[in-house]
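Report on the following structure.
Numbering (my numbering), first residue to last: 22 to 372.
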């Protein structure tokens with residue numbers, strides 16, 4: 022890493038944290054496939070005095086969707102399924118009403134399948150003890166959804182849906198016979214060497230060994246969320262939609278794999294055409310787990326996704342024209358504050 026850039030990044034991240042009051046902040050920059058800068062500032066738990074580090078793990082929320090879409094693309098390259106396959110063929114053992122007959126995996130991954138946004142609140146009471154019980158619970162909630170017609174005809178309009186991505190994850194475990202979480206570890210995390218990746222809020226063996234998420238109460242008061250209690254995350258039933266945690270370097274490395282997928286002579290995981298399909302928007306600016314927009318400051322397109330379970334916030338940006346990846350995370354639920362600050366910093370780093 023360039024020492025001057027690293028020093029400037031550390032100072033800028035410390036200033037960002039001071040200006041925003043966020044509990045903890047971490048940023049990673051990768052350029053041309055190499056780590057160019059890495060900085061952290063703040064506390065693992067508000068008031069603890071224990072600093073966050075660049076090696077800590079952070080909950081990345083709905084950025085998980087880009088990982089789920091990547092997994093499905095890998096399985097498609099294996100010949101296990103096609104993104105054009107319809108729901109009755111993908112989930113043959115689940116009875117569903119006719120409104121789902123035209124819904125394809127492609128529709129689920131682009132939020133155009135007509136699935137409702139979220140499961141009923143009772144899903145938060147479901148915390149299975151084993152992988153088998155988790156698959157069964159996920160299947161049960163999905164079966165309930167598919168007993169009713171979709172909210173809109175497949176392919177007709179964009180409607181962001183955690184349910185749709187949960188269905189996509191269950192399709193992966195159905196066609197392989199392997200639980201989603203194990204599949205993602207085996208087919209995406211391991212080959213990309215994302216060694217700090219896991220599911221749910223990061224948990225250390227001792228208090229404050231990892232950052233904890235914080236709920237915002239009023240403007241400045243924060244309540245930390247015990248990672249061993251269920252209120253610290255959404256139910257694992259919804260893991261394919263947003264339960265992954267990882268280090269900030271892991272997050273940047275995942276983004277770099279997506280950049281390399283369209284530019285490297287030997288793309289990781291699968292052929293270039295598969296990566297290009299993941300990055301191609303449908304109907305609006307949403308592709309498969311990524312938003313694609315044009316930004317003058319980035320010199321062309323920006324692929325991005327963010328995520329939050331209301332206790333954390335993360336943002337991942339790919340700048341193909343700069344061959345640069347920007348990864349940001351905070352253990353703070355002040356989402357708008359974090360998003361505004363991260364986007365401002367992204368413009369500085371990407372210009």
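Note that beta-carbon positions come from the ideal geometry of N, C-alpha and C, so glycine has one too.
Review point. Who are the near neighbours of residue 176 in its chain, counting only those whose CB is closer than 7 Å to its CB and skipping five residues on each side?
Key: 128, 133
Practice item. Examine the Cβ distances between the stretch 79–92 and the stretch 330–337 and report whether three or more of them are shorter than 8 Å. Key: yes
Point to revise | Minimum length 4: unbroken alpha helix (DSSP H) runs contained in the stretch 287–320 | key: 293–299
Point to revise | CB contact flag (residue 350, residue 79, <8 Å) | key: yes
Exercise for review: Using three-state DSSP, classify residue 178 as helix, strand or coil.
Suggested key: coil
Review point. DSSP on residue 88, reduced to helix/strand/coil?
Key: helix
Check your understanding: Between the Cα of residue 204 and the Cα atoms of 93, 49, 233, 258, which residue gives the shortest distance?
Key -> 93
Check your understanding: DSSP puts residue 323 in a beta bridge; with which residues?
Key -> 314
Practice item. Output the boundary residues of the beta strand (DSSP E) element that contains residue 348. Key: 345–351
Practice item. With distances taken Cα to Cα, identify the nearest neighbour of residue 181 among 109, 362, 327, 352. Key: 327
Practice item. Output the residue ranges of the alpha helix (DSSP H) runs that lie fully inside the stretch 159–236 and measure 4 residues or longer, sorted by chain position. Key: 183–197, 201–205
Practice item. Identify every residue that forms a DSSP beta bridge with residue 336. Key: 327, 349
Check your understanding: Are residue 45 and residue 232 touching if we call contact CB-CB under 8 Å?
Key -> yes
Practice item. Find the nearest neighbour of residue 40 within the set 361, 153, 371, judged by alpha-carbon distance. Key: 361
Check your understanding: Excluding five sequence neighbours on each side, which residues of the same chain lie with their C-beta closer than 6 Å to the C-beta of residue 358?
Key -> 41
Review point. Is residue 285 helix, strand or coil by DSSP?
Key: coil
Review point. Nearest-angstrom Cα distance between residue 62 and residue 75?
Key: 9 Å
Point to revise | Check whether residue 58 and residue 50 have beta carbons under 8 Å apart | key: yes
Check your understanding: Over what stretch of residues does the alpha helix (DSSP H) that includes residue 27 continue unbroken?
Key -> 24–41
Exercise for review: Look at the alpha carbon of residue 121 and the alpha carbon of residue 103, and state the distance between them as a whole number of angstroms.
Suggested key: 17 Å
Check your understanding: Which residues share a DSSP beta bridge with residue 80?
Key -> 266
Review point. Between residue 71 and residue 229, what straight-line distance do the alpha-carbon atoms span, to the nearest angstrom?
Key: 7 Å
Review point. Thinking C-alpha only, which one of 265, 290, 30 is nearest residue 277?
Key: 290
Practice item. Tell me where the beta strand (DSSP E) around residue 110 begins and ends. Key: Note, residue 110: premise wrong, no beta strand (DSSP E); alpha helix (DSSP H) at 108–111.
Practice item. For the alpha helix (DSSP H) containing residue 371, list its first residue and its last residue. Key: 356–371
Review point. Any idea which residues DSSP pairs residue 49 with across the strands?
Key: 59, 348
Check your understanding: Below 8 Å, can you find three or more Cβ-Cβ pairs linking the stretch 211–221 to the stretch 314–322?
Key -> no
Review point. Would you report the Cα separation of residue 169 and residue 30, rounded to the nearest angstrom?
Key: 51 Å
Check your understanding: Among 310, 81, 130, which has the Cα closest to the Cα of residue 272?
Key -> 81
Exercise for review: Give the C-beta separation of residue 54 and residue 281 to the nearest angstrom, bearing in mind that I take them to be a contact with Cβ-Cβ under 8 Å.
Suggested key: 7 Å
Review point. Grouping DSSP H, G and I as helix and E and B as strand, with all else coil, what is residue 64?
Key: strand
Check your understanding: Of all the options 38, 73, 68, which has the alpha carbon lying nearest to the alpha carbon of residue 268?
Key -> 73
Review point. Quick one: what does DSSP say residue 72 is sitting in, helix, strand or coil?
Key: strand
Point to revise | Alpha-carbon to alpha-carbon, residue 367 and residue 192 | key: 35 Å
Exercise for review: Look at residue 105 and residue 91 and say whether their C-beta atoms are less than 8 Å apart.
Suggested key: no
**Study point:** Element boundaries [alpha helix (DSSP H), containing residue 127]
**Key:** 126–130
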